[in-house]
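Residue numbers (our numbering): 4 to 323.
I have placed the structure first, in the form of structure tokens, so that the comments after it can refer back to it.
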Amino acid sequence: MNYQDFTKNIIEADDIVIFSHVNPDGDTLGSMIALYHVIKNNYGKEAVMVVTGEIPDIYEFLPEIDKAVTFDKISKDKVFSLAIAIDIAAKDRMGMGVSIFDRAKVKMNIDHHKTNNGFGDYSLIIPDACSAGEILFDMFENLGLKIDKAVSDSLYTSILTDTGGFRFENTSAKTFQIASKLVEYGTHAGEIARYCFESKPKPMVLLQANALMNAEFLENQKIAYTCITMSDMEHFQAKEDYTEGIVGALRQIKTTEVAAVLKEVNEQTTKVSLRSKHVDVSKIAAAFDGGGHAFAAGCTIQKPVKIAKDKLVEEIKRYL
Ligand SMILES: [Mn+2]
């Protein structure tokens, strides 16, 4: 799609719904909130924001995020004129809400995951963009749309979190140029960083410390992994997002090439997060029908955590 298709479809739409992805992160939430405010302030339209799963506490500062709803709050036969998927690598990442997306008259897909297959009537997939927020910034600027502080803070959150605080490989000169412009639009960089990186709930930090203590290291310590069980989650009274960041901490170790966190979802299901320094872990995730980026990917393995771990390690070894 081109940028004008965005304007045309917003103007023609009677009602609009925006989808963020399951286990929402700073990029999908920041981008969704930015879209919400841009649509409201530039086109005078109210969009419905849909989240799947719990919004991490740290993102409560995003302007009007309390207006976001879960899909079950939308009537079952509702047909929206326009549905926008933001930062959603594959349709199943919308969870149960995908039926609402599928029913919409016009479906739009804006994303930066290279594994995105371009689902929808209009898709804007830019794998070189560090975040969905970066794609939106370019589009908003190109269309001459007003970027107020709410939009600026939200886009900055997208970019800051998806680049790991401007540290990951996806951080480009352009990323800094956009960040610089957002600061000019009124965003306080230190304030957003404090919300995103220094506002963790205490049990989250303790769960993470425990997970790191239980980590195992294989192949000359090139593989670092840890398993988080349901009883760990219960012991620390952890919310779903409390495991966020553990895999990054394992990658921080000098010897680590591939880091993995295996999370026991139930007796038969294990969720896997992968990070690496050089290895393309999106290929490892793809072996289990997952996906993502070269250095950050994930998948779900329908096996008990102990068996999933063996299968995963076997697959990782093939890429070392
Ligand atoms: Mn993203």
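The beta-carbon is built from N, C-alpha and C at its ideal position, and this holds for glycine as well.
These figures come from a predicted structure and were not determined experimentally.
Roughly how many whole angstroms lie between the Cα atoms of residue i and residue j?
i, j, result
"K108", "H24", "20 Å"
"F335", "A196", "Not covered by the structure: residue 335. The range shown for the chain is 4 to 323."
"I304", "K76", "30 Å"
"G248", "T259", "15 Å"
"K79", "A86", "15 Å"
"E67", "D244", "20 Å"
"S176", "D28", "In the sequence as presented, Ser is not what sits at residue 176; that position holds Ala. Taking the straight line joining both Cα atoms gives about 23 Å."
"K314", "N26", "24 Å"
"D114", "M4", "12 Å"
"I61", "K203", "7 Å"
"T118", "N45", "32 Å"
"D90", "A218", "30 Å"
"A132", "R278", "18 Å"
"V282", "A16", "43 Å"
"I19", "K242", "30 Å"
"A182", "R96", "27 Å"
"G294", "I226", "19 Å"
"K149", "A297", "34 Å"
"Q180", "R106", "38 Å"
"L253", "E267", "18 Å"
"N145", "T229", "44 Å"
"L265", "V154", "35 Å"
"Y198", "I58", "14 Å"
Using a Cβ-Cβ cut-off of 8 Å, state whether residue i counts as contacting chain D.
i, result
"G248", "Looking for chain D here will not work: only one protein chain is present."
Starting from the Cα of residue i, find the closest Cα among the options and give me that residue.
i, options, result
"A311", "Q271, G147, A299", "Q271"
"A299", "H116, S34, P59, F74", "H116"
"L215", "I91, A263, G293", "A263"
"F200", "T160, T232, D235", "T160"
"V51", "N26, L323, K81, D95", "K81"
"P206", "M236, G189, E222", "M236"
"E187", "N217, G168, D156", "D156"
"F220", "K257, T164, Y245", "K257"
"A88", "N120, P59, Y62, I58", "N120"
"G123", "G47, A227, A93", "A93"
"K11", "G98, E57, A132, Y125", "Y125"
"E318", "L253, Q255, E222", "E222"
"L323", "G295, Q224, H238", "Q224"
"N326", "T232, Y39, S134", "Absent from the model: residue 326. The displayed extent of the chain is 4 to 323, so no value can be given."
"G167", "L265, G251, R106", "G251"
"F74", "P59, G98, F64, S84", "G98"
"A135", "K309, L38, E267", "L38"
"S234", "F104, V308, V41", "V308"
"I162", "N145, G147, D151, T190", "T190"
With 16 as the cutoff for other CB atoms within 10 Å, does residue i come out buried or exposed?
i, result
"I3", "Since the first residue shown for the chain is 4 and the last is 323, residue 3 is missing from the structure and cannot be characterised."
"D292", "exposed"
"S276", "buried"
"K320", "exposed"
"N112", "buried"
"F9", "buried"
"P130", "exposed"
"E194", "exposed"
"D30", "buried"
"D165", "buried"
"S285", "buried"
"E63", "exposed"
"H40", "buried"
"K110", "buried"
"G301", "buried"
"K70", "exposed"
"G100", "buried"
Compute every distance between the C-beta of residue i and the non-hydrogen atoms of ligand 3, then say whether any falls below 7 Å.
i, result
"A135", "Among the ligands modelled here, namely ligand 1, ligand 3 does not occur."
**Given 8 Å, three or more beta-carbon pairs between the segment 166–185 and the segment 207–227** = no
**Prompt:** Can you find at least 3 beta carbon pairs, one from the segment 136–143 and one from the segment 26–35, that sit closer than 8 Å?
**Reply:** yes
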